[in-house]
Amino acid sequence: MAELPNLGKHCSIEFCKQLGMQAFGLPLYSIKLKMFINVLRHRHQQDHSCTELKNTPVRNAQTAHHVAEILASRQQTSTKKTLKSAKSRKMAAQLALMKLKGKAEGDKGIPEQERVFFSVALPRALKQTSRALFFSKVWSIGRTIDFIADRTGVPNPNNTGAAQKLRLFSGDTGELMPVEKSLSELLEAERDLYNGSFVIMESVSQEVTCLPDVEIYKS
Numbered sequence: 007m008a009e010l011p012n013l014g015k016h017c018s019i020e021f022c023k024q025l026g027m028q029a030f031g032l033p034l035y036s037i038k039l040k041m042f043i044n045v046l047r048h049r050h051q052q053d054h055s056c057t058e059l060k061n062t063p064v065r066n067a068q069t070a071h072h073v074a075e076i077l078a079s080r081q082q083t084s085t086k087k088t089l090k091s092a093k094s095r096k097m098a099a100q101l102a103l104m105k106l107k108g109k110a111e112g113d114k115g116i117p118e119q120e121r122v123f124f125s126v127a128l129p130r131a132l133k134q135t136s137r138a139l140f141f142s143k144v145w146s147i148g149r150t151i152d153f154i155a156d157r158t159g160v161p162n163p164n165n166t167g168a169a170q171k172l173r174l175f176s177g178d179t180g181e182l183m184p185v186e187k188s189l190s191e192l193l194e195a196e197r198d199l200y201n202g203s204f205v206i207m208e209s210v211s212q213e214v215t216c217l218p219d220v221e222i223y224k225s
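In the numbering used here, the protein residues as written are 7 to 225.
This is the structure in C-alpha cells:
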C-alpha cells in the first residue's frame with residue numbers, strides 16, 4: 007500500500023496488517039485485488055477479532071425468522087386461492103348442470119340417481135363442438151371414454167397398440183383423470199371433477215399427464 011500510505015487503518019491481528027479502507031461503511035482490507043484475495047478468509051470481524059472495526063449485531067436469526075414469516079404468509083395466501091378456486095369451479099358446475107340436464111344424451115337405461123352430466127370437448131383435430139352427455143357414476147374413466155367415443159363417432163385406439171390413446175382431462179385444470187378410477191371416486195374428492203363439469207377428451211401419448219392450455223377447447 008505504498009501508493010496510499012496515509013489512507014485507512016491497519017487491522018490489529020498479527021497476520022492481518024493490511025491497510026484497510028472504510029468505503030461505504032464496509033471494511034475493505036485492500037484496494038489491490040491480489041491483496042484482497044489474501045485477506046478474504048478473515049474478512050469478517052468475528053473471524054479475527056479485529057479491534058479497528060465497529061461492532062455490528064448479527065442479524066442472521068432475525069433475517070431467517072423474517073423470511074419464514076413471509077413464506078408462511080405466501081403459503082396461506084396460496085391455500086386460500088386454491089380453496090376459493092375450487093368453490094368457484096363447483097358453483098360453475100352446478101349452474102351448468104341445470105342446462106345440461108335439459109339436453110344431454112346418454113344411455114336411457116342408467117337409473118336417474120346414478121346419472122352424472124358433463125359437457126365434453128372432443129379432440130381438437132376433429133374440429134367438432136362440445137357434446138352434452140350423461141354417464142353412470144359407477145363407471146370407470148376408461149369405460150366413460152369408450153362411451154364418449156362410441157356416442158360421438160370418435161375413432162377409439164385404446165384397445166390397440168397405437169402410440170396415442172384417448173384420455174379424459176379436467177376442463178378446469180387440464181389434469182389427467184386416471185382410467186382405472188371411477189367417476190364416483192373423483193366426484194367425491196371434489197377436486198377436479200363435479201357433476202356438471204366441463205371435461206376434455208383428447209388423443210395423447212402415454213407420457214402426457216396434463217393439457218397445457220384448456221382454454222383452446224372452450225372456444
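We put the beta carbon where it would ideally sit given N, CA and C, even for glycine. Here the structure is a predicted model, which means the values were calculated and not measured.
The residues GLU208, ILE222 and TYR223, in chain order, have a CB closer than 8 Å to that of ARG130 in the same chain once the five nearest residues on each side in sequence are set aside. In terms of Cβ geometry, LEU128 and ALA110 do not form a close pair [threshold 8 Å]. GLY180 places its beta carbon 8 Å or farther from that of LEU132. Measuring C-alpha to C-alpha distances from GLN119 to each of THR135, LEU106 and LYS143 identifies LYS143 as the nearest.
Under DSSP, ALA169 forms no beta bridge with any residue. Residues of the same chain with their beta carbon placed closer than 8 Å to that of GLU194 are lacking, with the five preceding and five following residues left out of the count. Contact between LEU192 and LEU182 does not hold, since the beta-carbon distance rounds to 11 Å and is not under 8 Å. For ILE151, the enclosing alpha helix (DSSP H) begins and ends at 147-158.
Cα atoms of ILE206 and THR150: separation of roughly 12 Å, rounded to the nearest angstrom. Of the candidates ALA98, ARG173 and THR135, the residue whose Cα lies closest to the Cα of SER211 is ARG173.
A residue is called buried when at least 16 other Cβ atoms come within 10 angstroms of its Cβ; ASN201 meets this threshold and is buried.
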